[in-house]
Amino acid sequence: MEFDEVIETRRSVHQYTDEDIDDETLEAIFEQVRYAPSSFDLQPWEFLVVRDDDNLTRLQEVANGQETVGESAATVVVLGNTDPSAHADRVFDDWLDKGYIPSEDVRDNLLGVVENMSSMPDEERRLWTTRSTSLAAMALMHAAWNEGVASCPMEGFDADALVDEFDIEEGYEPVMLVTLGYAPEEAPDQEKPRKLRRPVDEIVHYETFDPEAESPTPSADD
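To convert a position in the sequence shown, counted from 1, into the numbering used here, add 392.
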């Protein structure tokens, strides 16, 4: 698809056909996802792809029983590494090798900055990884749609239960679930007109922030 078509036609889909997503398609999707931007280019994301029926049932149970998870061809658990320094050496060595930074001293200074970030309170590190990992999650949904695979982001799950159920190592934050699958030809959500999208002149502010007040309720005379 053309980029604008991917952006404008992607919609959250809650019902899927029984068709599986093959390995080649998943590889193509994640090949695009890895180009998502992140803080300091540290790429703190990991993706647990759940496709086995029994595992999808387990995941559905910790996702408040949401049927979309159990009926998907795959559900991706989007995880964020809360240790900013996890991949810092590799990243900054690459920057040095490719000329993005001029010297080893600069690399070492960057490593020091990231090391300080790693000592931030837990909540700040969770927020840090959520910001970057959410960018990758959006890239995942766009990349999937580019391959003809529908998706739906989901936040309704018990993070602690998910960590326990799937033996997620300490230090990883479950950021969201993204269900994947092929939409039926007559998917209910796809057949309806697109839901409201606020216009550009309402959501974009130049130089000063002055959000519009909510539209007044029409009077009896309107």
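Even for Gly, the Cβ is constructed at its ideal location relative to N, Cα and C. Here the structure is a predicted model, which means the values were calculated and not measured.
Distance between residue j and residue i (C-alpha atoms, nearest Å)
| i | j | result |
| --- | --- | --- |
| V425 | T467 | 15 Å |
| E416 | P576 | 21 Å |
| K587 | L532 | 22 Å |
| R450 | F558 | 9 Å |
| F549 | E496 | 44 Å |
| R591 | P603 | Looking at the sequence shown, residue 591 is not Arg but Pro. When rounded, the distance between both Cα atoms is 13 Å. |
| S543 | T460 | 10 Å |
| F601 | E411 | 47 Å |
| F395 | F422 | 17 Å |
| L488 | P494 | 7 Å |
| P610 | D446 | Caution applies to P610, whose pLDDT of 43 falls short of 50 and renders its modelled position unreliable; the value that the coordinates give is listed next. Computed Cα separation, rounded: 52 Å. |
| Y427 | L502 | 21 Å |
| F484 | Y564 | 22 Å |
Which of helix, strand or coil DSSP assigns to residue i
| i | result |
| --- | --- |
| V419 | In the sequence under discussion, the amino acid at residue 419 is Glu, which differs from the Val named in the question. In the structure shown, E419 sits in a helix (DSSP, three-state: H, G or I). |
| T609 | Residue placement at T609 is flagged as unreliable, the pLDDT there being 45, under the threshold of 50; the coordinate-derived value follows with that caveat. It is coil, neither helix nor strand. |
| V442 | strand |
| G491 | coil |
| S477 | coil |
| S430 | coil |
| E453 | helix |
Element boundaries [beta strand (DSSP E), containing residue i]
| i | result |
| --- | --- |
| A542 | A542 to M546 |
| A529 | A529 -> not in any beta strand (DSSP E); alpha helix (DSSP H) instead, spanning D514 to N538. |
| T401 | Segment F395 to T401 is the alpha helix (DSSP H) holding T401; no beta strand (DSSP E) there. |
| E557 | Counting along the chain, E557 falls outside any beta strand (DSSP E), though it belongs to the alpha helix (DSSP H) covering A551 to E557. |
| V470 | A466 to N473 |
| G573 | Y564 to G573 |
Identity of the residue in the options nearest residue i by Cα
| i | options | result |
| --- | --- | --- |
| Y574 | V405, A528, M393 and F601 | V405 |
| L554 | R443, V398 and V454 | V454 |
| P545 | H534, E539, N538 and D552 | H534 |
| I399 | G491, G540, S430 and A420 | G540 |
Any non-hydrogen atom of the ligand SAM closer than 6 Å to residue i Cβ
| i | result |
| --- | --- |
| L471 | Although the ligand SAM was asked about, the structure shown includes no ligands whatsoever. |
Start-to-end residues for the alpha helix (DSSP H) that takes in residue i
| i | result |
| --- | --- |
| V506 | E496 to S510 |
| G462 | E459 to E463 |
| V592 | V592 to I595 |
Would the stretch 467 to 481 count as touching the stretch 435 to 442 if we require 3 or more Cβ pairs under 8 Å?
Judged by Cβ distances under 8 Å, the stretch 467 to 481 makes contact with the stretch 435 to 442, as three or more pairs qualify.
Cβ pair count under 8 Å reaching 3, the stretch 473 to 481 against the stretch 491 to 511:
The stretch 473 to 481, when compared against the stretch 491 to 511, does touch it at the 8 Å Cβ threshold.
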